[in-house]
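Undergrad: First, the structure itself, so that you have it in front of you.
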Amino acid sequence: MTQAKESTSIHQLRCIACGAIQKSAGQNFRCPACGDLLEVSFPKKVGKPENLRASWSERKLSLESANQSGVWRFRELLPALNRGEDVITLREGNTPLYSLPRCARIAGVERLQAKHQGMNPTGSFKDTGMTVAASFARQEQFQWVACASTGNTSASMAAYASRGGLRSLVLLPEGKISWGKLSQALDYGALTCQLKTDFDGCMRVLSEVVERAPVYLLNSVNPYRIEGQKTAAIEVMEQLEWQPPDHLIVPGGNLGNSSAIGKACLEMKEAGLIARLPKISIIQAEGANPLVRAMRGNGGTSLTPVHAETMATAIRIGNPASWKKAVRVLQATGGTVDEVSEVQIALAKAEIGADGVGCEPASAVTLAGLKKLVARGFVKSGESVVLILTGHVLKDPEFTLNFHRGDLFAGAEHAEQGEVLAAQRRAPVVLEANANAVLRALSQHRK
Ligand code: F0G
């Protein structure tokens, strides 16, 4: 059966601030009445939980591309396209939930798992949202799609646009994204512009571009992106046999992903798929912490943009578009926020690597944050925790190599931090090409 025939998900676009319902979205995906963000809402009830669960697992065995997608197999909780054939899919989603035994010991919790969204086709969680939003762009008959990005959105958008026969325009902060991500956008065929500004500056320029040219905006202000990104949380629950963990921990940048994961949990609870909500907590880098400041300063009633600086370039964002949605998620689920230092991020990344999993720097803020939440007593040692790892370890090899070679902080760390970091460093050794040299290295290493 096609996607459209089976789906029950008639949807509306609703303003998150004034509640006005819109038939369709304007170029900037903002409410024409008050200018705030829109979200997808579903006026009709979805089916019975047991029927939904059964269809979702049956579809995994299907040979049809939309069923094989770990996004579209959950179509009852997604907005429906008019025609199923419009789906642009790279078989995204269906990502693993790994246990992290070493990290659990380090963080001081008994049950720690990671939902690895870096195992998506272009190496990040963005693919789950992109399959939905790019498909809507094609349905609306746009020829061009565009985004501002710290790298992963652009890689994902470029891939999905090309798969769907669309052209893509990428705006990137010059010199502030990893080579891996930049190279993906080039290979997947985007028109790639490196602007002499930061991510927030790229967003400003892009909002003007979409007003002046017929290009479809694919940043996470696009509510269809958020819908696709919900599926990470749905899969987590499915993988845990619908028993929610006590805590979900998500990195925070532009705050679309935390909003999506929260929206999914609320909708699953409403649909009777889960009996209670996990607490969703958001972690930012100390140098890019506008949400942490807002929550601590005024309980999230207003947000003051900051100038963002962090080596976790994916989350180097000072003026997050979806902050109001994220605040609602924190409040609805009883989660919290925290911030982590550059040293804590680097250490946590190497620890996740040493569990045989690995991730990019921005994803490692989750483990670094968990350690702080345990120390604060917010997460108890007996509680279950799932970290959302957002990007693949190969996304930023320069960071990884610099860390293991001891160059990342170029001697800037304090002595006591240096010791902790050194314990996690595994620099490559250069040897003469003979067995004796290698055996000597092996015996030194085994001591
Ligand atoms: N982790 C990674 C690996 C990311 O690429 C991003 C965002 C985030 C976390 C934060 O997610 O913005 O939804 O709060 N990357 C965007 C980009 C901004 O352009 O690729 P968020």
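Mapping of the sequence shown onto the numbering used here: position 116 corresponds to residue 740, and the numbering continues sequentially without gaps. Note that beta-carbon positions come from the ideal geometry of N, C-alpha and C, so glycine has one too.
1) Can you name the start and end residues of the alpha helix (DSSP H) that K767 belongs to?
2) At a threshold of 7 Å, does G788 count as lining the ligand F0G (C-beta to nearest heavy atom)?
3) Restricting to runs no shorter than 3 residues, where is the beta strand (DSSP E) found entirely within the stretch 828-911?
4) Please list, in chain order, all residues of the same chain as V1053 whose beta carbon is under 7 Å from its beta carbon, the five residues on each side excluded.
5) Is the Cβ-Cβ distance between L1045 and V967 less than 8 Å?
6) Taking 7 Å as the cut-off, is the beta-carbon of L879 closer than that to any non-hydrogen atom of the ligand F0G?
7) Within 10 Å of its beta-carbon, does D1020 have 16 or more other beta-carbons around it, so buried, or fewer, so exposed?
8) Do the stretch 679-698 and the stretch 714-723 touch if we need at least three Cβ pairs shorter than 8 Å?
9) Extract the residue ranges of the alpha helix (DSSP H) inside the stretch 704-762, only unbroken runs of 4 or more that lie entirely within it.
10) What's the C-alpha gap between H1069 and L1063?
11) From the DSSP output, read off the bridge partner residues of V961.
12) How about A782: is its Cβ closer than 7 Å to a heavy atom in the ligand F0G?
13) Buried or exposed: V829, going by 16 or more other Cβ atoms within 10 Å of its Cβ?
14) When DSSP builds the beta bridges, which residues end up paired with R1119?
15) Measuring from the CB of N922, is there a heavy atom of the ligand F0G at a distance below 7 Å?
16) According to the Cβ coordinates, are Q1048 and L991 closer than 8 Å?
17) Between the stretch 929-944 and the stretch 909-921, can you find at least three pairs of beta-carbon atoms closer than 8 Å?
18) Applying the 10 Å Cβ sphere with the 16-neighbour rule, what's the burial state of G788?
19) What is the DSSP secondary structure of S679, reduced to helix, strand or coil?
20) Quick check: what's the CA-CA separation for K996 versus Q908?
21) With respect to the beta strand (DSSP E) encompassing R791, which residues constitute its N-terminal and C-terminal limits?
22) When every heavy atom of the ligand F0G is checked, does at least one fall within less than 7 Å of the C-beta of E984?
23) Assess, as a yes-or-no matter, whether the stretch 791-801 is touched by the stretch 815-825 under the definition of 3 or more beta carbon pairs within less than 8 Å.
24) Taking the alpha carbon of A757 as the reference point, which residue from A783, T774, L736, V733 has its own alpha carbon closest?
25) Which partner residues of Q646 appear in the DSSP bridge assignment?
26) Taking C-alpha atoms, which residue in F823, P838, G643, I1012 lies nearest to A884?
27) Based on the DSSP output, what are the partners of A816 in its beta bridges?
28) Taking 8 Å as the CB-CB cut-off, is M861 touching chain C?
29) Give me, in chain order, the residues of the same chain whose beta-carbon lies closer than 7 Å to that of C658; leave out the 5 immediate sequence neighbours on both sides.
30) Let me confirm a value: Q767 is counted as buried when at least 16 other C-beta atoms fall within 10 Å, else exposed. Which label applies?
31) Below 8 Å, can you find three or more Cβ-Cβ pairs linking the stretch 877-893 to the stretch 855-867?
32) Could you tell me which of G775, L790, A690 sits nearest to P985, measuring between CA atoms?
33) So S786 is in the alpha helix (DSSP H); what residue range does that whole segment cover?
34) May I have the straight-line CA-CA distance separating T1014 from A1051, to the nearest angstrom?
35) Out of P868, F666, S946, state which residue places its alpha-carbon closest to the alpha-carbon of D824.
36) Take the Cβ of A814 as the centre, count every other Cβ of all protein chains shown within 10 Å, and call the residue buried at 16 or more, exposed below.
TA: In brief:
1) Position 143 of the sequence shown holds residue 767. In the sequence under discussion, the amino acid at residue 767 is Gln, which differs from the Lys named in the question. Note, Q767: premise wrong, no alpha helix (DSSP H); not H, not E.
2) Taking the sequence shown and counting its residues from 1, the one referred to as residue 788 is at position 164. Answer for G788: no, Cβ out of range of the ligand F0G.
3) 839-841, 871-875, 903-909
4) Counted from its first residue, the sequence shown places residue 1053 at position 429. Closer than 7 Å at Cβ, skipping near neighbours: A1065.
5) Residue numbering aside, residue 1045 sits at position 421 when the sequence shown is read from its first letter. Residue numbering aside, residue 967 sits at position 343 when the sequence shown is read from its first letter. Their beta carbons are under 8 Å apart, which means L1045 touches V967 by this criterion.
6) Numbered from its first residue, the sequence shown carries residue 879 at position 255. Yes, the ligand F0G has a heavy atom inside 7 Å of this Cβ.
7) What you label residue 1020 is simply residue 396 of the sequence shown in a count that begins at 1. Burial call: buried.
8) yes
9) 725-731
10) Reading the sequence shown from its first residue, position 445 is the one you call residue 1069. Reading the sequence shown from its first residue, position 439 is the one you call residue 1063. C-alpha separation (whole angstroms): 10 Å.
11) What you label residue 961 is simply residue 337 of the sequence shown in a count that begins at 1. For V961, which the question treats as bridged, DSSP gives the partners I906.
12) Taking the sequence shown and counting its residues from 1, the one referred to as residue 782 is at position 158. Not under cutoff, so the answer is no.
13) As a first step, residue 829 must be located in the sequence shown, where it is residue number 205. Answer is exposed; the Cβ neighbour count stays below 16.
14) Any property of residue 1119 remains undetermined from this structure, which presents the chain solely from 625 to 1071.
15) Mapped onto the sequence shown, residue 922 falls at position 298. For the ligand F0G, not one heavy atom lies less than 7 Å from the Cβ of N922.
16) If you number the sequence shown from 1, residue 1048 lands on position 424. If you number the sequence shown from 1, residue 991 lands on position 367. No, Cβ-Cβ distance for Q1048 and L991 is not below 8 Å.
17) yes
18) For the purposes of this step, residue 788 is identified with residue 164 of the sequence shown, where counting begins at 1. G788 comes out buried.
19) Taking the first residue of the sequence shown as position 1, residue 679 is located at position 55. S679 falls in the helix class under three-state DSSP.
20) Here the question's residue 996 lines up with position 372 in the sequence shown. Here the question's residue 908 lines up with position 284 in the sequence shown. Cα to Cα, the separation comes out at about 12 Å.
21) Taking the first residue of the sequence shown as position 1, residue 791 is located at position 167. Counting along the chain, the beta strand (DSSP E) containing R791 begins and ends at 791-797.
22) Counted from its first residue, the sequence shown places residue 984 at position 360. Yes, the ligand F0G has a heavy atom inside 7 Å of this Cβ.
23) yes
24) Reading the sequence shown from its first residue, position 133 is the one you call residue 757. Among A783, T774, L736, V733, the Cα nearest to that of A757 belongs to A783.
25) As a working note, residue 646 is residue 22 in the sequence shown. Paired residues: L637.
26) To locate residue 884, count along the sequence shown from 1; it is residue 260. For A884, the nearest C-alpha among the options comes from I1012.
27) By one-based count along the sequence shown, residue 816 stands at place 192. Here the sequence assigns Thr to residue 816, which means Ala is not the residue at that position. V794.
28) No chain C is part of this structure, which consists of one protein chain only.
29) One-based indexing of the sequence shown puts residue 658 at position 34. The residues are C639, A641, C642.
30) Here the question's residue 767 lines up with position 143 in the sequence shown. Classification for Q767: exposed.
31) yes
32) By one-based count along the sequence shown, residue 985 stands at place 361. Cα-wise, what sits closest to P985 is G775.
33) Walking along the sequence shown from the start, residue 786 turns up at place 162. Segment 776-787, the alpha helix (DSSP H) holding S786.
34) Reading the sequence shown from its first residue, position 390 is the one you call residue 1014. Reading the sequence shown from its first residue, position 427 is the one you call residue 1051. Spanning the two alpha carbons is a distance of roughly 25 Å.
35) Along the sequence shown, one-based indexing puts residue 824 at 200. Nearest of P868, F666, S946 to D824, Cα basis: S946.
36) What you label residue 814 is simply residue 190 of the sequence shown in a count that begins at 1. Buried is the call here.
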